[in-house]
Every structure is written in C-alpha cells, then in structure tokens.
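Notes follow once the structure below has been shown.
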Amino acid sequence: MLKLLSGGRLLPNCKSNYFPKPFCSIRYLRTSSYSNIPNFIQISSNESGSNDQGIDIDLLFHSSTNTHLAKRLHALLIVLGKVQSLFISTRLLNLYSNLGNICLCQQTFDHITKKDVYTWNSIISAYVRNGIPSEAVNCLYKMLKYEVKPDFYTFPPVLKACWNLNDGSRIHSLILKTGLEWDVFVAASLVHMYCRFGLFDAAYQIFTNMPYRDMGCWNAIISGFCQNGKGEKALEVLDEMKLEGIKMDSVTVSTILPVCAQMDDMVQGRLTHLYVIKHGLEHDLFVGNAFINFYAKFGEVEHAQKVFDSLVIRDLISWNSIIAAYEQNNNPDYALNFFNKMQMDGFKPDLLTIVSIASSIAQSRDSQSSRCVHGFIQRRCWFEKDVIIGNAVVDMYAKLGDADSARKLFDKILLKDVVSWNTMITGYGQNGLANEAIDVYHTMVEIEHVTPNQGTLASIIPAYAHIGALKEGTTTHGRVLKTGQLLDVFIGTCLIDLYGKCGDMEDTMKLFYEVPKSSSVPWNAVISCLGIHGHGETSLKLFRNMLDDGVQPDTITFISLLSACSHSGLVEQGEWCFNVMQNDYGIKPSLKHYGCLVDLLGRAGQLEKAYNFIKNMPLQPDASVWGALLGACRIHGNADLGKLALDRLLEVDPDNVGYYILLSNIYANAGKWDGVNRVRSLANSKGLKKTPGWSSIELNNKMEVFYTGNYSHPQCDQIYEELENLMTKMKILGYIPDYSFVLQDVEEDEKQHILTSHSERLAIAYGIINTPARTPIRIFKNLRIPSIIHTVPIFLLYELVFWEVPLLHLIKILQTSGLQVMSAFRASLLLVPFKLPSTTPTYTIAFAFASTCLRNLQLQVYKRRNKRMTTNDNAEVELRSFLSNRLDPLGQPSREIMGIMGQFMQV
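Here the sequence shown is numbered in our numbering, starting from 383 and rising by one per residue.
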C-alpha cells in the first residue's frame, strides 16, 4: 500500500486506468522518500476532509462511480488515517449505499466505534434504499438500545420501511414521546404509512391536525389516497388545497393524473393540462411523462405524441411511456419504431422497455423478432434479475401461438409469482389448450406460497367452459364464494359464461342477477348465452332492460344481439339492431357485425340478399364474412354461390381447411362426387388436414373424449352394444336414418355404420351406461353438430321414458364454437322447438315428447309423398299453441294430449 502511494513498483498501476483522472493526478504520488509520508499523514488527518497537500477528498468521493473505485478510495483513506474520522467513515458508508453494495456498507458501519445519530440514520437509509426494510426497522430498535436518541431525520425512512402495523404503531408512539409528531417531514411520513395500511381516517386526522402544512404534506396525503385506490378522496383534498391558495407543483400534477385516468375523468385531466400550461409546467419532465401516460390510457395517442414532442429533455421514462402508449393502443409498428429511435438517441432499454416491446411483437405476430428479444434478455441475465420480464416473454410466446416455447421458458423461471402462473394458464387458454391450462392450475393450487387471485380465476373459468367441465367449474365457483369475489364483475361474468355454455341457463340467470351490472360486460355475457340457446326474444328483452338501467351498450353488445337474432331466425329484429347501433349510438360496424348480419340473412335462406349486402359493404370483407355466406350455402344447398364464396375465402384465408370441408359437403349433398374429390385433392395438395371432431362427457370429475369410430375405449363393446339396442328401439318408434348426412360415396351398410359410430352417439351411450336414473347427461363438442344428431336424442329420450321408466335422461349436446346449443328440449330441422314450465310433471313431459315424435313421423310421411313441410309452416305454430295452452291449471295432461298419445301409439 505504501509502495502505491510513494512511487514504488506498484505506482504504474495508478497510471493504467485503475483510478479515474482525479486519482491519477494526485500530487502526493511522487517518487520522493518515505520520510515525507508521515508528515503528510499527520498534516492531513483533520476532520474536515479538506484539500491538504493538494488532496481533494470531495473530488475523490464524487469520482468513485463504482464499487471497485470505492474500495480503492477506502484503502487510501485507511492509509491516510481518515477512517478514524466519524464524518469520513459515515460518508464512506453512504457511498457504498449509493452504489448498492449493502455488505460493504454494513462492514463499514460495524468498524465505526462511536456511532452518533447521523451514522445510525445513514445505515437506516442504506437499508431502505437497497430494499431491505426489515433491517432498517431493526436498526431503529438497536439504536434505542445503545441510547442514541432519534431525530427528525431518523423517522421518515423508518416509516417508509415499516410493513407491519404493529411496528408502525410502536414507531408512532416513539415519535409522540420524542415530540416530533408535528415535524413536517415526520408527519408526512406518518400519513404515507397509514395510507399504505389502509387506515385513511388516521392518516387524514394526522394531516388535518398539523399546525403547518407545506407542499410536501399536501402531496403526501394526495399520493397516499391515489396509490390506494381512493381517487375521489384525493380529488377532494386537491380541491381543499386549491381553496387554501396553494398551487399545484410538478409532483402534485404527476400524482393526480393517474387518478383521473383510473376514474375515466377526462375533463379533470384536461383542466389539469390547462393549469400546467398556464403556470409554465408543461416542459417539466415529470409532468410531461405523466401526461403521456394519461392520454395513452384514454386512447388519445396523438395527444401523447404531441406532449412527447414538446419535451425539451427526455429521459428513459419518457421513451418507455411513448412506447407503452402505442403498445397499449394496439399500434405495435409505431412502438417498435420508437424503440429504434430511442436506441439511436443513446438510451439503453431497461426491463420496462422490453416488457412493452415483447407485447408489441406479439401484436405484430413477428415470430422472428421474438427470438431476438429472447436472446437480448438472455445475454443480460434479466430472467434471473426480475420475474416480470420472464412473465412478459411467456405471454409473448403464448400470444404468438407458440405454447411450447412459452412452457419451456415458464419452467425455467425459478421464483414464479402468481402472475407467472396466471400468464401460463391464460396462454394455454388462448391457444385452445384448455386441458393443459387446467393441469397448470391444479399444480398451482398445490403450491403453498402461491395463492390464486382474481386473475387466476378469470383465466381458469373460461378453460372449464371451453371443454364443458361444469363440475370442476362449480368447484371453482365454490372457491369464488369462499373468497368473496363473486361481486367482481370479471369473475362473475366468467361464471355466467361457464354456466351458459354448459347449458345451465337457470344458474346463468341467477348469477346474472347477483353480480354488479353497472357495466356492459355481464349484460353482454348473458345476452350471448341466451342467444346461442336460441332465446333471441329474451336477449332482446334483456337489451331493453339494459337500456332502462342506464347502461351504455358497446360494440360487443351488438355482436351478441346480432348473433342471438341469427340463431333464432329474427331477421327483422337483427336488422333493427344493426341500424340502432349506427344511428342511435354512433357505433361503426366492424367486420364482426357485418359477419353476424350475413349469417343472419343466410340462415334465413336470403342468400341473394346476403350476397348483395356483402358487395355493398364499405369495408373489405374478411374470412368471417365470406365464411358466414359459405355456411349458409351449405345449409341451403346452393353450390354455385358456395363456390364463389370459397374463391373469395381462398384469397383472404387460404390455409383454413374448414372452408374446403364446407364446399366439399355442399357438393356431397348435391351428389356431385367429382366436385367432392376435386376440393379434397386441393386441400391435400396444400397440406391441410381436417381438425378431428370429438365429443366429451364429464363423469366422476373426469373428462372422457370420444372420436368417430373410436374402438380404443375400455368399455367399447358395451357402448356399441348399447347403441345397437337403442337404434333398434328407436326404429320401432319410427326413427328412419337420414343417410344424406353421410358425406361419403359408400354403400348403405357402410353409411349405417358411420352413423352409428358418430362421436356424439358414443358419448351418449357411455353416459347412459355409467349414470344412474334421472342424471343429466351433457355432451360437449368441439365442432358444429350435424342435424342428424339433433333428432336422435329426442327419440332416445322418448324411448328412455317409455321403455325404461323411470330412467329419464336429459341429454344436452353442446358446442364449443358457441354457435348453437341443442338440448333434449330443442330439436331442429324436422322437430319443432317447444318450452315447458319447470314444474311440469314427468309424465306430461313424456306426453309432450310423444307429440313431438308424432309430428316428426307426420313430416316424414309428407316427405314420402313429395310434399315439402318445414318448421316455418303452420305446424310449428299449432304445436307451440298446443303445448302452451292445452294443459290444465294443475299442469295435468288434457284429453287432447291423451288423444295425440293414442295416435302416436297407433302409428
């Protein structure tokens, strides 16, 4: 060490950039004899650290910009004897603290023999600054143990570090004993602490009792209310501050703007902006950054851009704010463009920058850039530094459809928080991997230190709805009730969607009336659920109730309404909704709205009108619009228009195999097998494969999945035997298989086999075998249900009622596509939909089914006589009237019903 200072062999190290310039130019580092050094040390060993012998100690402290240089300075001070000075040692402690090296900070503190209040305050602040609040509180107690009296500099950092209300109360008592409760800094810190613990009354009482309140105190109480979701109270305090003639400063403005965004108070935000311009605060960096975020929250990116452009000085937060503004408003190209500009201006991205960029890349569907971001983070070891960045990249991969990469990265995250699990569950759900999402959730529940929160439940409930796992969904519903989260609008809406998609409309409506309905979200969910069940008129009635309650409809509301009208055949009402949306609420139709209206017209058989509507659209039709027309052509057998629709679909979405299948089915229905082969060959040449259809049934908390022609199930022989028996009994009742739904050019016996081995029928037979009497059987499908399947459950239910009394199975066939839900109480095509009161006796239901089956047989007779009869003629009206008006007041069957029963038995 002496050689370093006296010009010995180690001296060249000083000239080789081991120290910065101030260190290298120290005049005492010369090649003189050692005899000069003691005199120098003796002369310069004063308390002030002034420039003795040409040594600038202050300059050396300011030049120590990293731990390595700080250690060199420390060594120098030891040689010079400066560390004996309490002032110098404490200053060295603060240097290590600012550099983030808490270990050296603690060692320096331990070597100080006589510690005063300034030294204790420094170590307490060091712990708070470096994120170790518990040690800061312990230092206060040690300080009291050594009988060092705290001062007004001691308590603010300790109160900031206090995360336990008991400790906070003890410290407050200590403040009262020391008589520092009205010190402006201490009182402001107390206000912050009580706000953090949610004790707003105590915080406000301290604030109002303060004899003097400076700007910092006002900012403290406003910030405390803002950070804890008390925006209205924060604005009240702001008004009180204005009444006392105190002007807002940059801290006040940057604190109050997030509250305006949270409360959707654009007017207050604009008035604040006006105040800022009037008082010359618009060029303040903190104010500018706050306004960028404010305008971004309201979707006014142009104003955010103007604020950003007006900033004379920009920091990393400014760049992060404008990048996040474009990312949050679904403009990834601009976000990535500003990311490039930021780097050109010499700013290096931090964790928050990468979080926004990862989301922007996911929005732009740029898989190649996602790998670049992953590598950028990997090289800097940021995955180990903060779990937030890992969560962001997992979310990026999931949104890009790369669930495997998302899972690999998720497994590598060492310290997963609840957001990590939520991200993985949501990622699987977004990619249609509901079973994988449920498996991740089950693993999460088993971990002790991670507790599912609102986001978890809002992610897993849609996964249950996706596969029709109603029993597991009801278990999660129980967790919601236990944790008191049913009043959360998002969780409540997810539960409404779950029960609705699983066909339990009674519980759906009960939940709807329990959750808060101040926003359009729950209204949209229940309207959609009613719509897919064919209750279009009820959906329209709820829409009117929604308007009466003062809830403003949004774009999703009208999509749900148009879809409901489509499933119920309410053409006029659907067109009315489309016009009201534009004329009364100023909502411009999106492609989804146009697609729903095309589907509405197409289902109703108005194909030409639907096609003309598409041609006159102001927007370029996408796959959803042409797909709706193609689906309508499939229903009504219009091969020419279907071919035209497919040609347009291949232009906008050439890789969707479903469109090829639709056109192939149209040709098959028309008996044009050459066209079928041509379309299938075209799909095969492009490497497209059909998504296999499956049906699932949930029994004993386990999902059983069946594919068409499945022979791998352990109960395979029993299932096919049961199907054979049921088919025999159904044929006795008049069931005639409709082979037109077998879209293959095969022999009659092969067609019979294909119909028998359909996945829905396998699931139904499995449910009958494995469930006791009067147990509901719910069958869930991943694709649309063929019309032939609609008729079978009705015969099956009738057969069960009369041949195996009292075995009553309510068979519900559901669809994951959300387009239609068929139950035993609704039949399509040949069978007429009807409704019965929930209190109707079982035998009356049986008679009603008998009459429905009779109507089916009558329609088949008419068909055989080449007379067309559809569900749109008077037969449907007569049957509806009969079912609603021919029961006596006690719900007993009338003679007319008995007469129909007799006719049925004769047939």
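Every residue gets a Cβ at the ideal spot worked out from N, C-alpha and C, and that includes glycine.
1. State the Cα-Cα distance for the pair N483 and N702, rounded to the nearest angstrom.
2. What are the boundary residues of the alpha helix (DSSP H) that R511 is part of?
3. Taking contact to mean 3 or more Cβ pairs, one atom from each stretch, closer than 8 Å, check whether the stretch 593-602 and the stretch 562-575 are in contact.
4. Evaluate K767 with the Cβ neighbour count: other Cβ atoms within 10 Å of its Cβ, from every protein chain shown; 16 or more gives buried, anything less gives exposed.
5. If we ignore side chains and look at the alpha-carbon of each, how far apart do P640 and N675 end up?
6. Where do the N-terminal and C-terminal ends of the alpha helix (DSSP H) with M928 fall, by residue?
7. Could you pull out every residue in the same chain whose Cβ sits closer than 6 Å to the Cβ of E1086, ignoring the five residues on either side in sequence?
8. In chain order, what residues of the same chain have a beta carbon less than 7 Å from the beta carbon of R762, not counting five sequence neighbours either side?
9. Is it the case that the stretch 449-464 contacts the stretch 472-482, given that we only count it when at least three CB pairs across the two stretches are under 8 Å?
10. Spatial neighbours of K612 within its chain, please: CB distance less than 7 Å, with the 5 preceding and 5 following residues excluded, ordered by chain position.
11. Suppose the cutoff is 7 Å on Cβ atoms and the five residues either side in sequence are ignored; what does the same chain contact list for G809 look like?
12. Run through DSSP, which three-state label would Y535 get?
13. Please list the terminal residues of the continuous beta strand (DSSP E) segment that includes S1077.
14. State the DSSP-derived secondary structure class of F567, mapped to helix, strand or coil.
15. Taking C-alpha atoms, which residue in H493, T447, Y478, S445 lies nearest to L468?
16. Taking the alpha helix (DSSP H) that K688 falls in, what are its first and last residues?
17. Considering M1085, what are the terminal residues of the beta strand (DSSP E) in which it resides?
18. Identify, in the order they occur along the chain, each residue of the same chain with its Cβ nearer than 7 Å to the Cβ of A518, setting aside the five sequence neighbours on each side.
19. Just to check my reading of the structure: A1027 and C1015 have Cβ atoms closer than 8 Å, yes? What is that Cβ distance to the nearest angstrom?
20. For A774, would you say it is in contact with chain C, using Cβ-to-Cβ distances shorter than 8 Å as the test?
21. So, does the stretch 658-677 touch the stretch 627-646, judging by three or more C-beta pairs under 8 Å?
22. Do I736 and I771 come within 8 Å of each other at the CB atom, strictly closer than that value?
23. Which value, in whole angstroms, describes the spacing of the CA atoms of I439 and I470?
24. Counting along the chain, where does the alpha helix (DSSP H) carrying L1026 start and finish?
25. I need the boundaries of the alpha helix (DSSP H) containing R1016, first residue and last residue.
26. Could you check if A1155 is buried or exposed, using at least 16 other CB atoms within 10 Å of its CB as the buried criterion?
27. Using the beta-carbon count (16 or more within 10 Å), is M575 buried or exposed?
28. In whole angstroms, what is the alpha-carbon distance linking L1023 and I1017?
29. Can you list, in chain order, the residues of its chain whose CB lies under 6 Å from that of A744, leaving out five sequence neighbours each side?
30. Measure the CB-CB distance between S950 and G918 and report whether it falls below 8 Å.
31. Provide the residue span of the alpha helix (DSSP H) that contains K892, from first to last.
32. Closest to I829 by C-alpha separation, out of G968, L1032, D799, would be which residue?
33. When you compare only the Cα positions, how much space is there between A616 and A602?
34. Using the C-alpha atoms, what's the distance from T590 back to G561?
35. Quick check on this structure: which residue in I759, V755, S746, S802 has the alpha carbon closest to the alpha carbon of V769?
36. Express the C-alpha separation of K1111 and I1282 in angstroms, rounding to a whole number.
On the basis of the coordinates in this document:
1. Along the sequence shown, one-based indexing puts residue 483 at 101. Along the sequence shown, one-based indexing puts residue 702 at 320. Computed Cα separation, rounded: 28 Å.
2. In the sequence shown, counting from the first residue as 1, residue 511 sits at position 129. It spans 499-511 - the alpha helix (DSSP H) in which R511 sits, taken as one unbroken run.
3. yes
4. Stepping through the sequence shown from its first residue, residue 767 is reached at position 385. Its Cβ having fewer than 16 others within 10 Å, K767 is exposed.
5. Counted from its first residue, the sequence shown places residue 640 at position 258. Counted from its first residue, the sequence shown places residue 675 at position 293. Each residue's Cα considered, the two are about 8 Å apart.
6. Here the question's residue 928 lines up with position 546 in the sequence shown. Unbroken alpha helix (DSSP H) run through M928: 918-930.
7. Working through the sequence shown from its first residue, we reach residue 1086 at position 704. Counting only Cβ-Cβ distances below 6 Å, and skipping sequence neighbours, we find I1079.
8. As a working mapping, residue 762 is identified with position 380 in the sequence shown. Cβ neighbours of R762 beyond the five flanking positions: none.
9. yes
10. Indexing the sequence shown from 1 puts residue 612 at position 230. Result list for K612: F582, in chain order.
11. What you label residue 809 is simply residue 427 of the sequence shown in a count that begins at 1. Closer than 7 Å at Cβ, skipping near neighbours: V776, D777, A780, A785, A788.
12. Here residue 535 corresponds to residue number 153 of the sequence shown, with the count starting at 1. Three-state DSSP puts Y535 in coil, outside helix and strand.
13. Within the sequence shown, residue 1077 is the residue found at index 695, counting from 1. It spans 1076-1081 - the beta strand (DSSP E) in which S1077 sits, taken as one unbroken run.
14. One-based indexing of the sequence shown puts residue 567 at position 185. Of the three classes helix, strand and coil, the one that applies to F567 here is helix, per DSSP.
15. Here residue 468 refers to the residue found at position 86 when the sequence shown is read from its first residue. Looking at the Cα atoms, H493 is the closest of the given residues.
16. As a working note, residue 688 is residue 306 in the sequence shown. K688 -> alpha helix (DSSP H) spans 683-692.
17. As a working mapping, residue 1085 is identified with position 703 in the sequence shown. Counting along the chain, the beta strand (DSSP E) containing M1085 begins and ends at 1084-1089.
18. Along the sequence shown, one-based indexing puts residue 518 at 136. Within the same chain, A518 has close Cβ partners I506, Y509, V510, P539, V540, A543.
19. Taking the first residue of the sequence shown as 1, we reach residue 1027 at position 645. Taking the first residue of the sequence shown as 1, we reach residue 1015 at position 633. At roughly 6 Å, the Cβ-Cβ gap stays under 8 Å, so A1027 and C1015 are in contact.
20. Protein chain content of the structure displayed is limited to a single chain, and chain C is not contained in it.
21. yes
22. In the sequence shown, residue 771 corresponds to position 389, counting from 1. In the sequence shown, residue 736 corresponds to position 354, counting from 1. Contact: yes.
23. Here residue 439 refers to the residue found at position 57 when the sequence shown is read from its first residue. Here residue 470 refers to the residue found at position 88 when the sequence shown is read from its first residue. Those two C-alpha atoms are separated by around 9 Å.
24. Start at 1 with the first residue of the sequence shown, and residue 1026 comes out as number 644. Where L1026 is concerned, the enclosing alpha helix (DSSP H) stretches over 1021-1034.
25. As a first step, residue 1016 must be located in the sequence shown, where it is residue number 634. That run of the alpha helix (DSSP H) goes 1005-1018.
26. As a working note, residue 1155 is residue 773 in the sequence shown. By the neighbour-count rule (16 or more Cβ atoms within 10 Å), A1155 is not buried but exposed.
27. Here residue 575 refers to the residue found at position 193 when the sequence shown is read from its first residue. Burial call: buried.
28. Translated into positions along the sequence shown, residue 1023 becomes position 641. Translated into positions along the sequence shown, residue 1017 becomes position 635. When rounded, the distance between both Cα atoms is 12 Å.
29. The residue labelled residue 744 in the question sits at position 362 within the sequence shown. If we look at A744 and ignore the five residues flanking it on each side, its Cβ neighbours are M778, K781, L782.
30. Along the sequence shown, one-based indexing puts residue 950 at 568. Along the sequence shown, one-based indexing puts residue 918 at 536. Yes.
31. Against the sequence shown, residue 892 aligns to sequence position 510. Element bounds for K892: 887-896.
32. Counted from its first residue, the sequence shown places residue 829 at position 447. Ranking the options by Cα distance to I829, first place goes to D799.
33. Translated into positions along the sequence shown, residue 616 becomes position 234. Translated into positions along the sequence shown, residue 602 becomes position 220. Those two C-alpha atoms are separated by around 10 Å.
34. Locating residue 561 in the sequence shown gives position 179, where the first residue counts as 1. Locating residue 590 in the sequence shown gives position 208, where the first residue counts as 1. Near 18 Å, if we compare the C-alpha coordinates of T590 and G561.
35. Looking up residue 769 in the sequence shown gives position 387. Considering only alpha carbons, the answer is S802.
36. Here residue 1282 refers to the residue found at position 900 when the sequence shown is read from its first residue. Here residue 1111 refers to the residue found at position 729 when the sequence shown is read from its first residue. Here the model assigns I1282 a pLDDT of 46, short of 50, so the residue's position is not dependable, and the following value carries that caveat. Roughly 20 Å separates the two Cα atoms.
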